[in-house]
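Position one of the sequence shown corresponds to residue 0 (numbering that gives the first Met the number 0), numbered consecutively onward.
Virtual Cβ for every residue (Gly too), placed ideally from N, Cα, C.
One structure below.
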Amino acid sequence: MSLRLGVNIDHVATLRNARGGSHPDPVAAAHVAIEAGADGITAHLREDRRHIRDDDMERLQALCLETGIPLNFEMAATDEMVGIATRIRPHAVCLVPEKREERTTEGGLDVAGQHNRLVPMIQRLADNGARVSLFIEATRRQIDAAASTAAEVVEFHTGAYAHALDDGDQALADRILEQLVEGGKLASAAGLEVHYGHGLTFDNVAPVAAIPEAMELNIGHFIIGEAVFMGLAPAIAKMRDIMDAARADA
Ligand code: PXP
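Spelled out as structure tokens, the structure:
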């Protein structure tokens, strides 16, 4: 089965919000992404609404329903967000940790440490029809905790792998990649679907795409940034080609 690409369009909204108007519209970007071959659209409604806003989520869900492309709603595990997701009813909800002061999602969700709080929340989202995904570090402790909830999917955080490569530390990147590979095996054996995301680029995506258990990669910042130079559709098409080639060689 081919590896799915979820395109995260948050940073189109970052650019829009820089001027406070309506351009560029993240929903128009989602439309282009779908035409360019994205298998899913991902958007993160942050508690501070720094990029995506409530009405963007509603318009994205309408587009996704119209096109038959799944919407992956990333959100913090809060009652407010569960209420919004329950109303909007996206195909998937990905629970992520969120700190107001962070620039992006740092580290994975501590499902093991917050198990009692998260279990009923995940159940509520699942009962409402969402495929729940948990954005976690690829450790046995977090995988076991995720497997004991109603979540069907785990997304492993690839940020540390990407940072190690940015820093030129290939040995560290190799160790983290090994952990991401092992995590894929453990999660898959526990019956969870396996996704990866964060910090992926044309240069670092291939080894992640080659992980046999990987079913989906969620990629945002790099694709939107690269769109400035080559256009959004070509950036998505190039990412797809690199992912497909890595998979074919694996
Ligand atoms: N997956 C998850 C769960 C995320 O929180 C993010 C960032 O919002 C991404 C993927 C995409 O990361 P990036 O923008 O670095 O590609």
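Residues of its chain near GLN141, where Cβ-Cβ distance is below 7 Å and the 5 sequence neighbours each way are ignored: Translated into the one-based positions of the sequence shown, residue 141 becomes position 142. Cβ neighbours of GLN141 beyond the five flanking positions: GLY107, VAL110, ALA111 and ILE135.
Through-space distance from PRO233 to ALA28, alpha-carbon basis: In the sequence shown, the residue the question calls residue 28 occupies position 29. In the sequence shown, the residue the question calls residue 233 occupies position 234. Their backbone Cα atoms lie some 13 Å apart in a straight line.
Buried or exposed by the 16-neighbour rule on C-beta atoms within 10 Å, applied to PHE72: For the purposes of this step, residue 72 is taken as residue 73 along the sequence shown, with counting starting at 1. A residue is called buried once 16 or more other Cβ atoms fall within 10 Å of its Cβ, and PHE72 is buried on that count.
Own chain residues within Cβ distance below 8 Å of HIS22, not counting five before or after: Along the sequence shown, read from residue 1 onward, the residue named residue 22 stands at position 23. Cβ neighbours of HIS22 within its own chain (closer than 8 Å, five residues either side excluded): ARG15.
Any 3 or more C-beta pairs closer than 8 Å across the segment 35-50 and the segment 1-19: With the cut-off at 8 Å, the segment 35-50 and the segment 1-19 touch.
The ligand PXP heavy atom lying under 8 Å from the CB of ASP9: Position 10 of the sequence shown, counted from the first residue, corresponds to residue 9. Because some heavy atom of the ligand PXP lies under 8 Å away, the Cβ of ASP9 counts as near it: yes.
Member of THR85, ILE68 and HIS194 whose CA lies at the smallest distance from the CA of SER74: Translated into positions along the sequence shown, residue 74 becomes position 75. Here residue 74 turns out to be Met, not Ser, going by the sequence shown. Here the closest residue by C-alpha is THR85.
Closer than 8 Å: GLY158 CB and nearest the ligand PXP heavy atom: Numbered from its first residue, the sequence shown carries residue 158 at position 159. The answer is yes for GLY158.
Terminal residues of the alpha helix (DSSP H) in which THR66 lies: As a working mapping, residue 66 is identified with position 67 in the sequence shown. In this chain, the alpha helix (DSSP H) harbouring THR66 covers 53-66.
Within the segment 126-182, ranges of the beta strand (DSSP E) (whole runs, at least 3 residues): Taken in chain order, the complete beta strand (DSSP E) segments of 3 or more residues contained in the segment 126-182 are 130-135 and 152-156.
Rounded separation between ARG174 and GLU192 - CA only: Taking the sequence shown and counting its residues from 1, one reaches residue 174 at position 175. Taking the sequence shown and counting its residues from 1, one reaches residue 192 at position 193. In this structure, the straight-line span from the alpha carbon of ARG174 to that of GLU192 is close to 22 Å.
Element boundaries [alpha helix (DSSP H), containing ASN203]: Along the sequence shown, one-based indexing puts residue 203 at 204. Neither: ASN203 is in no alpha helix (DSSP H) and is coded neither H nor E.
HIS43 Cβ short of 8 Å to the ligand PXP heavy atom set: Within the sequence shown, numbered from 1, the residue matching residue 43 stands at position 44. Indeed, a heavy atom of the ligand PXP lies less than 8 Å from the Cβ.
Extent of the continuous beta strand (DSSP E) run through VAL193: To locate residue 193, count along the sequence shown from 1; it is residue 194. Per DSSP, VAL193 is one residue of the beta strand (DSSP E) stretching across 192-196.
Distance, LEU179 Cα to ASP168 Cα: The residue you call residue 168 lines up with position 169 of the sequence shown. The residue you call residue 179 lines up with position 180 of the sequence shown. Near 17 Å, if we compare the C-alpha coordinates of LEU179 and ASP168.
C-alpha gap between ALA42 and MET242, whole angstroms: Counting from one through the sequence shown, the residue named residue 42 turns up at place 43. Counting from one through the sequence shown, the residue named residue 242 turns up at place 243. Rounded to the nearest angstrom, the two C-alpha atoms are 21 Å apart.
Contact test: CYS63 Cβ vs the ligand PXP heavy atom, cutoff 8 Å: Here residue 63 refers to the residue found at position 64 when the sequence shown is read from its first residue. Not so, every heavy atom of the ligand PXP lies at least 8 Å from the Cβ.
VAL45 (DSSP reduced to helix, strand or coil): Along the sequence shown, read from residue 1 onward, the residue named residue 45 stands at position 46. According to the sequence shown, residue 45 is Arg rather than Val. Secondary structure of ARG45 (DSSP, three-state): coil.
Reference GLU97, options ILE235, ALA125 and ARG45, closest by Cα: On the sequence shown, residue 97 is found 98 positions in, with the first residue counted as 1. Taking only the C-alpha atoms, the option nearest GLU97 is ARG45.
Cross-strand partners of ALA75 (DSSP beta bridge): As a first step, residue 75 must be located in the sequence shown, where it is residue number 76. In the DSSP output, where bridge partners are listed per residue, ALA75 has VAL95.
Exposure label - SER147; buried when at least 16 CB within 10 Å: As a working mapping, residue 147 is identified with position 148 in the sequence shown. By the neighbour-count criterion, in which a residue is buried when 16 or more other Cβ atoms sit within 10 angstroms of its Cβ, SER147 is exposed.
Rounded straight-line distance, which links the Cα of SER132 to that of ASP143: Position 144 of the sequence shown holds residue 143. Position 133 of the sequence shown holds residue 132. If I take the Cα positions, the gap works out to 14 Å.
Contact test: GLU154 Cβ vs the ligand PXP heavy atom, cutoff 8 Å: Taking the sequence shown and counting its residues from 1, the one referred to as residue 154 is at position 155. Inclusion of GLU154 in the 8 Å shell around the ligand PXP follows from its C-beta lying nearer than that to a non-hydrogen atom of the ligand.
Neighbourhood of ALA31 by C-beta distance below 6 Å, restricted to the same chain and skipping five residues each side: Taking the first residue of the sequence shown as position 1, residue 31 is located at position 32. According to the sequence displayed, residue 31 carries Val and not Ala. Result list for VAL31: LEU231 and ALA232, in chain order.
Residue from ARG88, VAL153, LEU199 and ARG123 whose Cα sits closest to the Cα of TYR160: Locating residue 160 in the sequence shown gives position 161, where the first residue counts as 1. Comparing alpha-carbon positions, the option among ARG88, VAL153, LEU199 and ARG123 lying closest to TYR160 turns out to be LEU199.
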